[in-house]
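A.B. asks: My structure is below; once you've seen it, I'll send some questions.
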Amino acid sequence: MESTAHAFKANVDHALADPNLQDSLAKLKVGFSERRRQAAERLPEFEALRDRARDIKNHTLAHLDFYLEEFERKVIGLGGHVHWAPTAADARRIIAELCQSVNARTVAKSKSMVAEEIALNEHLEALGIAPIETDLGEYIIQLRNEPPSHIIAPAVHLTKDQVADTFLEHHAKLGFDKRLTERNDLVAEARYVLRQKFLDADVGLTGANFLVAETGSSMLVTNEGNADLSNTLPRMHIVLASIEKVIPTLEDAAVLLRVLARSATGQESSAYTTLNTGPKKPGDLDGPDQYHVVLLDNGRSGVLGTEMQDILRCIRCGACMNHCPVYGAVGGHAYGWVYPGPMGAVLTPQLVGVEEASNLPNASTFCGRCESVCPVRIPLPKLMRHWREREFEKHLTPKAVRQGLAMWSFVARRPALYRRLTAMANRMLALFGRADGRYQALPLASGWTRFRDFPAPQPGGTFHARWAKRKA
Amino acid sequence: MPSTRPRRVALFVTCLVDLFRPSVGFAAVKLLEEAGCSVEVPPLQTCCGQPAYNTGDRATTRAIAAQVIDAFEGYDAVVAPSGSCGGMLSHHYPGLFDDDPAMKVRAENLAGRSYELISFLVDVLGVRNVAARYPGAVTYHDSCSGLRELGVKAQPRNLLGSVQGLELREMKTPEVCCGFGGTFCVKYPEISNAMVGEKSADIAATGADTLLAGDLGCLMNMAGKLQREGSAVRVRHVAEVLAGMGDLPAIGEPEHG
């Protein structure tokens, strides 16, 4: 997917002026966080499970090479194939060749953010292979030719009315020429339209929530069951997953699943949890003839051993964005690439470059709500601050900011000078506007006063000046 | 451990209180003295370094942190009327000196005796009530660093419960950021405005006549938005009300008479 992260500020303006988006965000902000809170409260050991989940991922990352090779060995033993893709281009090529090897015309896809990351759909379409999104949200945005705006709820930016219009526009030619208004009717129509596409698909492509090294299984959770149709009906099943999805054992998966659904949607567990362990075996009633796992690196191994490594613990639950007031104000598209919200603000600069995505780690108040809900306790504000440090070291921080900071720092490091200047600033501010107690406009402060009044200082001088008088 | 023994406490005034609202500093001094502390204001303090820290300028942050560590050497406790500055000293300074063991020891020493004002009063000094009166309905905003780094949540509410005439009306989401974020509010004014706009709606919905919080930056942001919207809600630092200084002109209000 083409990044527009560099245009973050323009994206923000657009998002703030979109009433449908603001309507959708208002619901999201309340719904997700309230459900997560209730789910966490119902499970007394939830906080302890978060610690265990963090530890499992840390252990795996410390031995990532070992567990990946173990996973590969197991998959091969099951009769499957593992393909290592260092870059997005490698992954696209591998998947295209696999599809072409069975003369695939259509690929049934279950939601995969990694597929978005490598822009798989565009690539397949260019080769004459039709990708069909089977997750309802992904299906809706595929019809609308839009990118996802949330990692677990890709169409969360849309209202029901927008979906109704989209279905009417695209389904009329299939005989569904009545505009639907009920949520259940919309779902039923999508289900009907998609069913035949599952049956027709030559290849099923899914992501993975976890890759289990001990068994060679890929594990997927959905609420729609679409992944199960994607991986059992077609002749070939391709799993596309990034390397940090591997975990050691099924026991570990059990811990991670317990925090995943609760953090994501407030469910105790997702409606469907599916383990795919190799191709169809003799005697199996169904399942794919071929089972392939494409392991994508795309810059992740470069994060290992660095101060950013913690982001590789992410299990893509979306809780950080569900609780982020910045995401809640502007939605996912403003972030300009696949991964929005706090985890995106940390991951995107790594994957598309800090120059392209410099706004993302800066557009945070460091309120810390993301870290407080992260099921694997990623210190997201700290990691965003690391990006700001790298930008500062690389002289990417805007010149005006650097100069202002340098001036401020010169003064702040000289307490006597600081006292004189703050006393002067206090008097100068008093010269205009103190009668009102606040300013509607202030030189050099338009960023503040465009939207807010600026409170005037209390009369009588700075605290330190008054304290010195009191002590004298 | 609660104790009535006077302690030698250094006040970390914070740059915003120093420049804009000295009464918060005097309120802090009053509350600390009433709780039996002897309060000093080390003259070599300026700022805690957050503007540099959050811009990614580690070298400047370290220089300022070293200056703060020097200035506050030897006091039993260092207390700030701010969760974000208190959190900077107690949670972030040690990490600045990972490659300087001698300074790291000093930073950890400072961190171990640095506190946000209200949690210091309640958790360390064992203060349970105050002799203040504030007639009216107030709502309390949980500033982010105090809440999530320092666990300041029940302490201000408990003390406010002892203020005569005061009725606390909770917002729907008192824990959601107000959109201040230091330089964030001027770097991304549109997002900040959307956030503080939502906050002001939440405040208005309580019907409270006064908004309180423990951080002046957040308070100035919310006061500025409420006043731009023409709201009559008065905005004060929680320490002012607890210290019986709730009759001063509120933040952004003109002088009486």
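Chains as they are written, first to last, in the numbering used here: chain E, 1 to 472; chain W, 473 to 729.
Cβ coordinates follow ideal geometry from the N, Cα and C atoms, glycine included.
1. Taking beta-carbon pairs under 9 angstroms, can you tell me which members of the stretch 444-468 of chain E lie near chain W?
2. Taking 8 angstroms as the cut-off, decide whether the C-beta atoms of W:Ala535 and E:Arg413 are in contact.
3. Quick check on the burial criterion: 16 or more other C-beta atoms within 10 angstroms. Buried or exposed for E:Thr181?
4. State buried or exposed for E:Arg258, treating a residue as buried only when at least 16 other CB atoms are found within 10 Å of its CB.
5. When DSSP labels each residue in this structure, what does W:Met643 get in the three-state scheme?
6. By Cβ distance, which residues of its chain are closer than 7 angstroms to W:Tyr606, with the 5 residues on each side in sequence left out?
7. With H, G and I counted as helix, E and B as strand and the rest as coil, what does DSSP make of E:Lys109?
8. Using a 10 Å radius around the Cβ and a threshold of 16 neighbouring Cβ atoms, would you call W:Gly555 buried or exposed?
9. Measuring only between beta-carbons, confirm whether W:Tyr565 sits less than 8 angstroms from chain E.
10. Let's see if you can read the secondary structure: which residues bound the beta strand (DSSP E) around W:Gly608?
11. Looking only at its chain, what residues have a beta carbon closer than 6 angstroms to the beta carbon of W:Arg641, apart from the 5 residues adjacent to it on each side?
12. Along the chain, where does the alpha helix (DSSP H) that runs through W:Arg530 open and close?
13. Based on Cα-Cα distance, which residue from W:Phe492, W:Val481, W:Val707, W:Val485 lies nearest to E:Met424?
14. Where does E:Ser101 sit, in a helix, a strand or coil, going by DSSP?
15. If we count the other Cβ atoms within 10 Å of its Cβ and call it buried at 16 or more, is E:Met428 buried or exposed?
16. Taking 8 angstroms as the threshold (beta carbon to beta carbon), is W:Met473 in contact with chain E?
17. Ends of the alpha helix (DSSP H) at W:Val713?
18. Are E:Ser24 and E:Val156 closer than 8 angstroms when you measure CB to CB?
19. Using only the alpha-carbon positions, how far apart do W:Met473 and W:Gln627 sit?
20. Any beta-carbon of chain E closer than 8 angstroms to the one on W:Val710?
21. Given a threshold of 16 other Cβ atoms within 10 Å of its Cβ, counted over all protein chains shown, does E:Gly336 qualify as buried or as exposed?
22. Looking at E:Phe167 and the ligand MN, is the gap between the Cβ and the nearest heavy atom below 7 angstroms?
23. CA-CA distance, E:Glu72 and W:Asp548?
24. List the whole-angstrom C-beta distance separating E:Ala39 from E:Gly266, where the pair is believed to meet the contact cut-off of C-beta under 8 angstroms.
25. What are the boundary residues of the alpha helix (DSSP H) that includes E:Tyr327?
26. Since E:Arg452 contacts W:Lys659 with CB under 8 angstroms, what's their CB separation in whole angstroms?
27. Comparing the C-beta of E:Ala400 with each C-beta of chain W, is any distance below 8 angstroms?
28. Taking 8 angstroms as the CB-CB limit, is W:Ser554 close to chain E?
29. How would you list, in chain order, the residues of chain W whose beta-carbon sits under 8 angstroms from the beta-carbon of E:Val12?
30. In this structure, what does DSSP give as the bridge partners for E:His292?
31. Could you tell me whether the Cβ of E:Leu405 comes closer than 8 angstroms to any Cβ of chain W?
32. Is the shortest distance between the beta-carbon of E:Asn20 and the beta-carbons of chain W less than 8 angstroms?
33. Is the stretch 277-287 of chain E touching the stretch 320-330 of chain E, taking contact as three or more C-beta pairs under 8 angstroms?
34. To which residues of the same chain is E:Ala213 closer than 6 angstroms at the C-beta, ignoring the five residues directly before and after it?
35. Pull up the CB-CB distance for E:His292 and E:Gly80, whole angstroms please, since I reckon it's below 8 angstroms.
36. How many Å lie between W:Arg620 and E:Arg369 at the Cα?
C.D. replies: This is what the structure holds:
1. Against chain W - using a Cβ distance shorter than 9 angstroms - the residues of the stretch 444-468 of chain E are Ala445, Ser446, Gly447, Trp448, Thr449, Arg450, Phe451, Arg452, Asp453, Phe454, Pro455, Ala456, Pro457, Gln458, Pro459, Gly460, Gly461, Thr462, Phe463, His464, Ala465, Arg466, Trp467, Ala468.
2. Taking the first residue of the second sequence as 1, we reach residue 535 of chain W at position 63. Taking the first residue of the first sequence as 1, we reach residue 413 of chain E at position 413. Contact flag set, yes.
3. As a first step, residue 181 of chain E is located in the first sequence; it is residue number 181 there, counting from the start. Counting Cβ neighbours within 10 Å, E:Thr181 comes out exposed, since fewer than 16 surround it.
4. Stepping through the first sequence from its first residue, residue 258 of chain E is reached at position 258. Looking at its Cβ environment, which holds 16 or more other Cβ atoms inside 10 Å, E:Arg258 is buried.
5. As a working mapping, residue 643 of chain W is identified with position 171 in the second sequence. In the structure shown, W:Met643 adopts coil according to DSSP, grouped into three states.
6. Taking the second sequence and counting its residues from 1, the one referred to as residue 606 of chain W is at position 134. Taken in chain order, the residues that qualify are Val635, Gly637, Leu638, Val713, Gly718.
7. Indexing the first sequence from 1 puts residue 109 of chain E at position 109. Strand at E:Lys109.
8. Stepping through the second sequence from its first residue, residue 555 of chain W is reached at position 83. The residue in question, W:Gly555, is buried, as its Cβ has 16 or more Cβ neighbours within 10 Å.
9. Residue mapping note: residue 565 of chain W aligns to position 93 of the second sequence, counting from 1. Using beta-carbon distances, W:Tyr565 does not count as an interface residue toward chain E, since no partner is under 8 angstroms.
10. In the second sequence, the residue the question calls residue 608 of chain W occupies position 136. 605-612 is the extent of the beta strand (DSSP E) around W:Gly608.
11. To locate residue 641 of chain W, count along the second sequence from 1; it is residue 169. Only residues of its own chain outside the window of five on either side were considered, and among them Ala609, Thr611, Thr678, Ala680 have a CB closer than 6 angstroms to the CB of W:Arg641, listed in chain order.
12. Locating residue 530 of chain W in the second sequence gives position 58, counting from the first residue. Taken as a continuous stretch (DSSP letters only), the alpha helix (DSSP H) holding W:Arg530 covers 530-543.
13. Residue mapping note: residue 424 of chain E aligns to position 424 of the first sequence, counting from 1. That would be W:Phe492, whose Cα lies nearest to the Cα of E:Met424.
14. Translated into positions along the first sequence, residue 101 of chain E becomes position 101. Correct three-state label for E:Ser101: helix.
15. Counting from one through the first sequence, the residue named residue 428 of chain E turns up at place 428. Residue environment: E:Met428 is assigned as exposed (fewer than 16 neighbouring CB atoms within 10 Å of its CB, all protein chains considered).
16. Working through the second sequence from its first residue, we reach residue 473 of chain W at position 1. Low local confidence applies: a pLDDT of 48 at W:Met473 is under 50, so the model's placement there is unreliable, with the coordinate-based value given in what follows. No - not a single Cβ of chain E is within 8 angstroms of the one on W:Met473.
17. Position 241 of the second sequence holds residue 713 of chain W. 710-714 is the span of the alpha helix (DSSP H), which, as asked, contains W:Val713.
18. Walking along the first sequence from the start, residue 24 of chain E turns up at place 24. Walking along the first sequence from the start, residue 156 of chain E turns up at place 156. Pairing E:Ser24 with E:Val156 gives a Cβ-Cβ distance under 8 angstroms.
19. Taking the first residue of the second sequence as 1, we reach residue 473 of chain W at position 1. Taking the first residue of the second sequence as 1, we reach residue 627 of chain W at position 155. Confidence at W:Met473 is low in this model, with a pLDDT of 48, below 50, so its placement is unreliable and no value can be given for it.
20. As a working note, residue 710 of chain W is residue 238 in the second sequence. Using beta-carbon distances, W:Val710 does not count as an interface residue toward chain E, since no partner is under 8 angstroms.
21. Stepping through the first sequence from its first residue, residue 336 of chain E is reached at position 336. When all chains shown are included, E:Gly336 counts as buried.
22. With respect to the ligand MN, the structure offers nothing, as it holds no ligand at all.
23. By 1-based counting over the first sequence, the position of residue 72 of chain E is 72. By 1-based counting over the second sequence, the position of residue 548 of chain W is 76. Computed Cα separation, rounded: 58 angstroms.
24. Stepping through the first sequence from its first residue, residue 39 of chain E is reached at position 39. Stepping through the first sequence from its first residue, residue 266 of chain E is reached at position 266. Confirmed, about 4 angstroms.
25. Numbered from 1 along the first sequence, position 327 holds the residue referred to as residue 327 of chain E. Counting along the chain, the unbroken alpha helix (DSSP H) around E:Tyr327 starts and ends at 325-330.
26. Counted from its first residue, the first sequence places residue 452 of chain E at position 452. Counted from its first residue, the second sequence places residue 659 of chain W at position 187. Between W:Lys659 and E:Arg452 the Cβ distance is about 15 angstroms, and since that is not below 8 angstroms, they are no contact.
27. Indexing the first sequence from 1 puts residue 400 of chain E at position 400. Closer than 8 angstroms: no.
28. In the second sequence, residue 554 of chain W corresponds to position 82, counting from 1. No - not a single Cβ of chain E is within 8 angstroms of the one on W:Ser554.
29. As a first step, residue 12 of chain E is located in the first sequence; it is residue number 12 there, counting from the start. Within 8 angstroms Cβ-Cβ: Tyr660, Glu662, Ile663.
30. Along the first sequence, read from residue 1 onward, the residue named residue 292 of chain E stands at position 292. Per DSSP, E:His81, E:Ile238.
31. Here residue 405 of chain E corresponds to residue number 405 of the first sequence, with the count starting at 1. At a cut-off of 8 angstroms between beta carbons, E:Leu405 contacts chain W.
32. On the first sequence, residue 20 of chain E is found 20 positions in, with the first residue counted as 1. So, not an interface residue.
33. Using a C-beta cut-off of 8 angstroms, the stretch 277-287 of chain E makes no contact with the stretch 320-330 of chain E, since fewer than three inter-stretch Cβ pairs fall below that distance.
34. Walking along the first sequence from the start, residue 213 of chain E turns up at place 213. Cβ within range, chain order: Tyr67, Glu70, Phe71, Val246, Pro248.
35. By one-based count along the first sequence, residue 292 of chain E stands at place 292. By one-based count along the first sequence, residue 80 of chain E stands at place 80. At roughly 7 angstroms, the Cβ-Cβ gap stays under 8 angstroms, so E:His292 and E:Gly80 are in contact.
36. Reading the second sequence from its first residue, position 148 is the one you call residue 620 of chain W. Reading the first sequence from its first residue, position 369 is the one you call residue 369 of chain E. Inter-residue distance for W:Arg620 and E:Arg369 is about 8 angstroms (C-alpha atoms, whole angstroms).
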